[in-house]
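Engineer: Using UniProt numbering, you'd call the opening residue of the sequence shown number 1 and step up by one each time.
Ideal Cβ placement from N, Cα and C applies to all residues, glycine included.
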Amino acid sequence: MIVTYRYRIYPNKQQKLQLSKTFGCTRFVWNYFLAWREERYKEQKLATTEAECRKHLNSVLKEQYPWLREVDKFALEDALIRLDNAYNRFFKGLSGKPHFKKKKSHRFSYTTYSTNNNIQIDFGVMAKDKTKNRCWGKIRLPKLGWIKARIHRTFNGKIKTATVTLLPSGHYYVSIAVEVDKVNNKNQTPEPINYAVALDLGLKSFHVDSNGNRVEAPKVLARYEKKLKKLQKDLSRKKVKSKNFEKARIKLAKLYQKISNIRNDFLEKLSLQVINENQVIICEDLRVKNLVKNRRLAKSIHDASWSKFLRMLKYKAERRSRIFIQVSPNFPSSQTCSDCGYKNEEVKDLSVRIWECPRCGSVHDRDFNAARNILAEGLKLLSEINKPVGLGRSEPEGDACGGKTSTIGGTSLVASLVCEAGSS
């Protein structure tokens with residue numbers, strides 16, 4: 001199992017120069033071979049493979065441009081792999097056509113591969129900075145040597161790749177992909193407190209679960225909106241490409257990064273708590289692209305980051321031997337009475353927060369009622385896929401043990417379970 005650890009790094013001036021060279025060379029290789037492949041197809045109707053590009057890079061391009069040898073060769077080869085993957089996705093209709101990369105972009109990255117111990121991380125030199133509560137260490141990367149890094153956690157496993165990223169704020173990060181033992185990772189996961197829980201995601205509250213617990217949304221963008229507008233106004237008054245323009249741009253980028261960090265911290269901690277406390281997690285399969293068409297709610301929906309939260313639940317469920325189910329977005333969770341099953345069309349109005357069932361007289365909180373309905377629907381679908389499930393002792397049919405996704409009636413199920421457990 002591959003797990004990625006992200007650390008902030010602090011390169012010196014010489015290392016920053018080398019990183020800038022590497023970013024530029026990988027961009028050059030991408031653009032060169034994008035044009036080369038397009039030209040070959042246009043003139044000769046030839047489809048170019050990644051192997052042909054690599055051969056041309058080593059035998060022709062590096063001779064023609066010797067400065068390509070000054071940077072990490074794996075970074076250049078990875079640019080070819082990513083270009084080939086981009087074409088494959090385009091041919092399958094999964095994404096748009098690959099485009100040329102611009103130098104004026106403020107976000108750069110490259111990936112290098114571990115071989116002969118060329119990527120290392122030193123946890124032994126960590127020292128606690130009591131004033132800022134930081135742990136310091138070192139990370140070794142090809143062509144860069146040892147770089148000072150902020151180490152917030154350690155790991156045990158085999159390093160596979162390292163991706164270096166420069167953000168618009170000017171901060172450098174390295175993401176290290178590590179191959180870890182899935183069994184050991186499972187043993188570190190606590191026993192769940194509850195068997196199953198359903199979450200109803202919303203804007204008034206971030207989510208309300210089927211146990212009646214309500215988690216308020218941080219609404220980070222709304223908190224910093226006034227400051228954002230001021231910095232955007234300051235930037236618009238500066239002369240483009242001037243030193244003051246760059247200072248204002250970095251100041252604005254740092255605020256955007258702060259907003260992103262606060263939001264991500266909230267989502268990471270909440271998703272981990274939900275996964276650790278429950279064996280089965282059930283949510284709606286939200287169609288966010290359709291929801292943001294409502295201009296009055298679009299900003300709040302983007303700020304809530306529901307899609308990112310659902311992705312976190314999905315991959316953490318796979319890692320920690322949990323079951324993650326998403327019910328169909330067409331399921332009327334808010335309109336259906338969780339006691340008698342009556343469907344009340346009037347509840348389509350989002351302003352209706354409390355309603356009384358005309359059939360049985362039950363009074364419902366809109367979000368809590370929806371969570372209860374999602375729970376019932378999810379467990380019903382789970383029973384169709386699998387026989388009665390024991391706590392932490394289930395094995396869905398098909399490829400569920402491998403963390404695969406199966407779909408039944410528009411509902412997706414992700415189950416990452418202990419394959420040796422067997423069905424009950």
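1) Looking at residue 178: is its Cβ nearer than 8 Å to the Cβ of residue 157?
2) Sort 119, 155, 201 and 181 by Cα distance to residue 164 and report the nearest one.
3) Looking at the secondary structure, which residues open and close the beta strand (DSSP E) in which residue 145 lies?
4) Can you confirm whether the segment 261 to 279 touches the segment 189 to 197 when touching is taken to mean that 3 or more C-beta pairs between the two stretches lie within less than 8 Å?
5) Quick check: what's the CA-CA separation for residue 136 versus residue 150?
6) Indicate the three-state DSSP secondary structure (helix, strand or coil) for residue 273 in the structure shown.
7) Residue 377 and residue 331: beta carbons closer than 8 Å?
8) In terms of alpha-carbon separation, which member of 296, 17, 83 and 292 lies closest to residue 100?
9) Taking 8 Å as the cut-off, does the segment 206 to 217 touch the segment 287 to 298 (at least 3 CB pairs, one atom from each stretch)?
10) Given this structure, state the Cα-to-Cα distance separating residue 62 from residue 68, to the nearest angstrom.
11) What are the boundary residues of the alpha helix (DSSP H) that includes residue 42?
12) Check residue 232 in the structure and name its three-state DSSP category.
13) Under 8 Å Cβ to Cβ from residue 356, same chain only, skipping five residues before and after it: list those, please.
14) Between residue 168 and residue 78, what straight-line distance do the alpha-carbon atoms span, to the nearest angstrom?
15) In angstroms with no decimal places, state the Cα-to-Cα distance between residue 367 and residue 208.
16) Please name the residue in 312, 4, 75 and 260 whose C-alpha comes closest to that of residue 425.
17) Assuming the contact rule is C-beta atoms closer than 8 Å, residue 60 and residue 196 should be a hit. Round their C-beta distance to whole Å, please.
18) Could you give the residue range of the beta strand (DSSP E) that holds residue 300?
19) Using the beta-carbon count (16 or more within 10 Å), is residue 400 buried or exposed?
20) Can you confirm whether residue 238, when its beta carbon is compared against all beta carbons of chain D, has any partner nearer than 8 Å?
21) Measure how close the beta-carbons of residue 344 and residue 329 come, nearest whole angstrom, since I'm counting them as under 8 Å.
22) Flag this pair as touching only if the segment 226 to 233 and the segment 247 to 257 have three or more C-beta atom pairs under 8 Å; answer yes or no.
Structural biologist: By the coordinates alone:
1) In the sequence shown, counting from the first residue as 1, residue 178 sits at position 178. In the sequence shown, counting from the first residue as 1, residue 157 sits at position 157. Yes, these two residues count as a Cβ contact at 8 Å.
2) To locate residue 164, count along the sequence shown from 1; it is residue 164. Closest option to residue 164, Cα to Cα, is 119.
3) On the sequence shown, residue 145 is found 145 positions in, with the first residue counted as 1. Start and end: 145 to 150.
4) Put simply, the segment 189 to 197 touches the segment 261 to 279. At least three CB pairs are less than 8 Å apart.
5) Here the question's residue 136 lines up with position 136 in the sequence shown. Here the question's residue 150 lines up with position 150 in the sequence shown. Cα to Cα, residue 136 sits roughly 5 Å from residue 150.
6) Against the sequence shown, residue 273 aligns to sequence position 273. Three-state DSSP puts residue 273 in a helix.
7) The residue you call residue 377 lines up with position 377 of the sequence shown. The residue you call residue 331 lines up with position 331 of the sequence shown. Yes; because the gap between Cβ atoms is below 8 Å, this pair is in contact.
8) On the sequence shown, residue 100 is found 100 positions in, with the first residue counted as 1. Considering only alpha carbons, the answer is 83.
9) Taking a cut-off of 8 Å for Cβ pairs, the segment 287 to 298 and the segment 206 to 217 do not touch, as fewer than three such pairs fall below it.
10) Sequence index remark: in the sequence shown, residue 62 carries index 62 (1-based). Sequence index remark: in the sequence shown, residue 68 carries index 68 (1-based). Cα-Cα distance, rounded: 6 Å.
11) Position 42 of the sequence shown, counted from the first residue, corresponds to residue 42. 13 to 44 is the extent of the alpha helix (DSSP H) around residue 42.
12) As a first step, residue 232 is located in the sequence shown; it is residue number 232 there, counting from the start. Correct three-state label for residue 232: helix.
13) Numbered from its first residue, the sequence shown carries residue 356 at position 356. If we look at residue 356 and ignore the five residues flanking it on each side, its Cβ neighbours are 362, 363 and 364.
14) Position 168 of the sequence shown, counted from the first residue, corresponds to residue 168. Position 78 of the sequence shown, counted from the first residue, corresponds to residue 78. Roughly 22 Å separates the two Cα atoms.
15) To locate residue 367, count along the sequence shown from 1; it is residue 367. To locate residue 208, count along the sequence shown from 1; it is residue 208. Their backbone Cα atoms lie some 6 Å apart in a straight line.
16) Past the boundaries of the shown model lies residue 425; the chain is included only from 1 to 424, so the question cannot be answered.
17) Counted from its first residue, the sequence shown places residue 60 at position 60. Counted from its first residue, the sequence shown places residue 196 at position 196. With 8 Å as the limit, residue 60 and residue 196 do not qualify as a contact, their Cβ atoms being about 60 Å apart.
18) Within the sequence shown, residue 300 is the residue found at index 300, counting from 1. Boundaries around residue 300 are those of the alpha helix (DSSP H), 298 to 304, since no beta strand (DSSP E) includes it.
19) Along the sequence shown, one-based indexing puts residue 400 at 400. Confidence in residue 400 is poor, its pLDDT being 38 and thus under 50, which makes the residue's placement unreliable; the coordinate value appears in the next sentence. Classification for residue 400: buried.
20) No chain D appears in this structure, which consists of one protein chain only.
21) Against the sequence shown, residue 344 aligns to sequence position 344. Against the sequence shown, residue 329 aligns to sequence position 329. Actually they are not in contact, since the Cβ atoms of residue 344 and residue 329 sit about 19 Å apart, beyond 8 Å.
22) Yes, they touch.
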